[in-house]
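Reading through the structure tokens given below for one structure.
Residue numbers (my numbering): 9 to 141.
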């Protein structure tokens, strides 16, 4: 027996799928004339609820095609999180959110830059061999 509640759920999920696809989370890349590519990244939250009931009387049994009443509700929240900036072989993430509030958060955010600077420093200290020049 096919209940109207399953039809409501199916219809709602199809509409959500049309609204929120992979391009909602990781947006389409935007390339500037200078060759810099910017990719937006978002966080999507979805809430859904619904319910319904068959209405029966003394003369109508529950396994028949009885009148149905029900409803569905959905909510979608899309928050921008960051932008990925690709310049040549360099990739950098620019967060949209507030700056880090704790020392550990700041350290995690700065780790890629610190590692790049450390690698550059170590490379500059290596003695050059005659074959490298």
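Backbone N, C-alpha and C fix where the C-beta goes; we use that ideal spot for every residue, glycine too.
When the distance is taken between beta carbons, is residue 82 closer than 8 Å to residue 14? Translated into positions along the chain shown, residue 14 becomes position 6. Translated into positions along the chain shown, residue 82 becomes position 74. At a Cβ-Cβ threshold of 8 Å, residue 14 and residue 82 do not count as neighbours.
Kindly confirm or deny that the segment 115-126 and the segment 82-96 touch, where touching means at least three C-beta pairs closer than 8 Å. Segments in contact, no.
Supposed close pair residue 88, residue 99 - CB separation, criterion 8 Å: The residue given as residue 88 occupies position 80 in the chain shown. The residue given as residue 99 occupies position 91 in the chain shown. At roughly 18 Å, the Cβ-Cβ gap does not stay under 8 Å, so residue 88 and residue 99 are not in contact.
Residue 95 and residue 44: beta carbons closer than 8 Å? As a first step, residue 95 must be located in the chain shown, where it is residue number 87. As a first step, residue 44 must be located in the chain shown, where it is residue number 36. Cβ distance < 8 Å, so residue 95 and residue 44 count as in contact.
Shortest alpha-carbon distance to residue 59 belongs to which of 24, 17, 28, 73? Taking the chain shown and counting its residues from 1, one reaches residue 59 at position 51. With distances taken between Cα atoms, residue 59 lies closest to 17.
Apart from the five residues on each side of it in sequence, which residues of its chain come closer than 7 Å, Cβ to Cβ, to residue 34? Against the chain shown, residue 34 aligns to sequence position 26. Here the set comprises 47, 49.
Residues of its chain near residue 63, where Cβ-Cβ distance is below 8 Å and the 5 sequence neighbours each way are ignored: By one-based count along the chain shown, residue 63 stands at place 55. For residue 63, where only same-chain residues beyond five positions count, the Cβ hits under 8 Å are 74, 75, 76, 77.
Runs of beta strand (DSSP E) wholly within the segment 83-140 (minimum 3 residues, chain order): Every beta strand (DSSP E) of 3 residues or more that sits fully in the segment 83-140 is shown, in chain order, as 98-103.
Would you kindly work out how many angstroms separate the C-alpha atoms of residue 29 and residue 79, rounded to a whole number? As a working note, residue 29 is residue 21 in the chain shown. As a working note, residue 79 is residue 71 in the chain shown. Taking the straight line joining both Cα atoms gives about 24 Å.
Let me make sure I understand the geometry here. Which of 61, 27, 24, 42 has the alpha-carbon closest to that of residue 93? To locate residue 93, count along the chain shown from 1; it is residue 85. When each option's Cα is compared against that of residue 93, the closest is 42.
Just verifying my parser: in three-state terms, what is the DSSP assignment at residue 32? Translated into positions along the chain shown, residue 32 becomes position 24. Residue state, collapsed to three classes: helix.
6 Å CB neighbourhood of residue 9 in its chain, flanking five on each side removed: Position 1 of the chain shown, counted from the first residue, corresponds to residue 9. With a pLDDT of only 46 at residue 9, under 50, the local geometry of the prediction cannot be trusted, and the value read off the model is given with reservation. Within its own chain, no residue has a Cβ closer than 6 Å to the Cβ of residue 9 once the five positions on either side in sequence are excluded.
Nearest neighbour of residue 118, chosen from 132, 130, 128, 101 [CA to CA]: Against the chain shown, residue 118 aligns to sequence position 110. Checked all of 132, 130, 128, 101; the closest Cα to residue 118 is 101.
Using three-state DSSP, classify residue 23 as helix, strand or coil. Reading the chain shown from its first residue, position 15 is the one you call residue 23. Helix, per DSSP.
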